[in-house]
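**Q** 1 is the number of the first residue of the sequence shown in my numbering; add one for each residue after it.
From the three backbone atoms N, C-alpha and C, an ideal C-beta is built for every residue, glycine too.
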Amino acid sequence: MRILVMGAGGVGGYFGALYARTEHEVTFVARGAHLAALRANGLTIESGVTPLHLASVRATDDPASTGAVDVVMFCTKLWDVESAGRQIAPVVAKGGIVIPFQNGVDSHSILQRLLGPERVAGGVAQIAATIKAPGVIAHTGTMARLQVGAFTPALADQVRAFAAAGKAAGVNIEAVDDIEKALWQKFAMLAALSGTTCLARQPVGTVRADPELRATFTAAVREAAAVAQAKGIALGADFVERQLGFLDGLPAEMRSSMLNDLTAGNRLEAPWLSGAVARMARELNLAAPVSTTIYAAMKPYLNGATAR
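#1: What's the C-alpha gap between Trp272 and Val105?
#2: Does the ligand FMN have even one heavy atom less than 7 Å from the beta-carbon of Leu183?
#3: List in chain order: all unbroken alpha helix (DSSP H) runs of 4+ residues lying wholly within the region 82-148.
#4: Looking at Val204: is its Cβ nearer than 8 Å to the Cβ of Leu247?
#5: Compute the Euclidean distance between the alpha carbons of Ala40 and Arg222, then round it to the nearest angstrom.
#6: Closer than 6 Å by C-beta to Ala224: which residues in its own chain qualify, once you throw out the five before and the five after it? Chain order, please.
#7: To which residues of the same chain is Trp184 closer than 7 Å at the C-beta, ignoring the five residues directly before and after it?
#8: Determine the contact status of Ala138 and Val148, defining contact as a CB-CB distance below 8 Å.
#9: Go ahead and pull the three-state DSSP assignment for His34.
#10: DSSP beta-bridge partners for Met6?
#11: Distance check for Gly10 and Ile131, CA to CA, integer angstroms please.
#12: Around the Cβ of Thr66, are there at least 16 other Cβ atoms within 10 angstroms (buried) or fewer (exposed)?
#13: What does the alpha-carbon distance come out to for the pair Ser56 and Ala8?
#14: On the three-state DSSP scale, how would you describe Ala150?
#15: In the DSSP assignment, find the unbroken beta strand (DSSP E) run with Thr293 in it and report its ends.
#16: Note down the Cα distance separating Ser109 from Gly170, rounded to an integer number of angstroms.
#17: Which one of Ala30, Thr140, Val98 has the shortest CA to CA distance from Ala59?
#18: Can you check whether the CB of Ala133 is closer than 8 Å to the CB of Met6?
#19: Output the distance between the C-alpha atoms of Ser274 and Tyr295, rounded to the nearest integer angstrom.
#20: To the nearest angstrom, how far is it from the Cα of Asp178 to the Cα of Ala156?
#21: Quick check: the Cα distance between Gly96 and Ala33, rounded to an integer number of angstroms?
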């Protein structure tokens, strides 16, 4: 299988490396020092469960140079969806599919508009991983899971083939029937987790141990779940309780990717997370005071320049 990893950060770098260690032809799209390191030294995964070093990998800053591919693992930051989507159009024009593994619930709709609904499936990535240094991905904890699904039956076989290839490569991947529900399950959890960890500038352990921060997280999950319900996506009566259990099972030292960006002074995905919950709640005439407050507190840092 020919795979293009569009965005070789924590998600793309980690899972792309697992596919690349087998017979699949995987090309990583990166830039700057990260690209230079991939070309010179290969890709290293630092992980307590899947440590890996690929001495040689295919890496480029020009997706079109790879030619046609079977699957694009689309792992860019959310603000790059439009521009990156246009870049990959030539590589899927002959029948390939794009599977976005990003935060939020907007990427697949944007890509469907750019590339056509017949080219875009859905994906969910659950992992705590980041670029530790150029060419090095650091994985925290043991969670490393992908879910994939087709929005249209016409793509079901291609999605299942990608999942089967992943399983054979040692990836914890599942093909699901209701990918939209899976996207919203992650979104409701992540919007709350990224928001509360950034608000407190603290990792997961602090958020879940402090009663007020835990209550803030819980309220943010409830707000996102209410938005999902209003959109006809039932997450289950015990959804909030399940997310609290999930929170309690995460490594105490885990930091959300947005907290890493905030402390590094990088641009933030908040408009597509807590900001998206607040926006959709307004459109549905729902109250979302916690998500709205979290987003308001992040707004001075959205472009990264004033982050400390």
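**A** Let's see:
#1: Going by the C-alpha atoms only, they are around 8 Å apart.
#2: This structure lacks the ligand FMN, and indeed carries no ligand of any kind.
#3: Qualifying alpha helix (DSSP H) stretches, in chain order: 107-115.
#4: Yes, the pair counts as a contact, with Cβ atoms nearer than the cut-off.
#5: For Ala40 and Arg222, the distance between alpha carbons rounds to 47 Å.
#6: Here the set comprises Ala188, Ala191, Val277.
#7: Closer than 7 Å at the Cβ level, and outside the excluded window around Trp184, lie Val105, Ala228, Ile233, Leu235.
#8: With respect to Val148, Ala138 sits apart: the two C-beta atoms are not nearer than 8 Å.
#9: Helix, per DSSP.
#10: Met6 is bridged by DSSP to Val29, Phe74.
#11: One Cα belongs to Ile131, the other to Gly10, and the distance between them is close to 6 Å.
#12: Sixteen is the threshold: when 16 or more other Cβ atoms of the shown chains lie within 10 Å of the Cβ of Thr66, as they do, the residue is buried.
#13: Rounded to whole angstroms, Ser56 to Ala8 spans 15 Å at the Cα level.
#14: Coil at Ala150, not helix or strand.
#15: Where Thr293 is concerned, there is no enclosing beta strand (DSSP E), although the alpha helix (DSSP H) it sits in stretches over 289-298.
#16: The alpha-carbon of Ser109 is positioned some 30 Å away from that of Gly170.
#17: Nearest option by C-alpha distance: Ala30.
#18: Not in contact: Met6 and Ala133 (Cβ atoms no closer than 8 Å).
#19: Distance between the alpha carbons of Ser274 and Tyr295 is about 6 Å.
#20: Spanning the two alpha carbons is a distance of roughly 12 Å.
#21: Spanning the two alpha carbons is a distance of roughly 29 Å.
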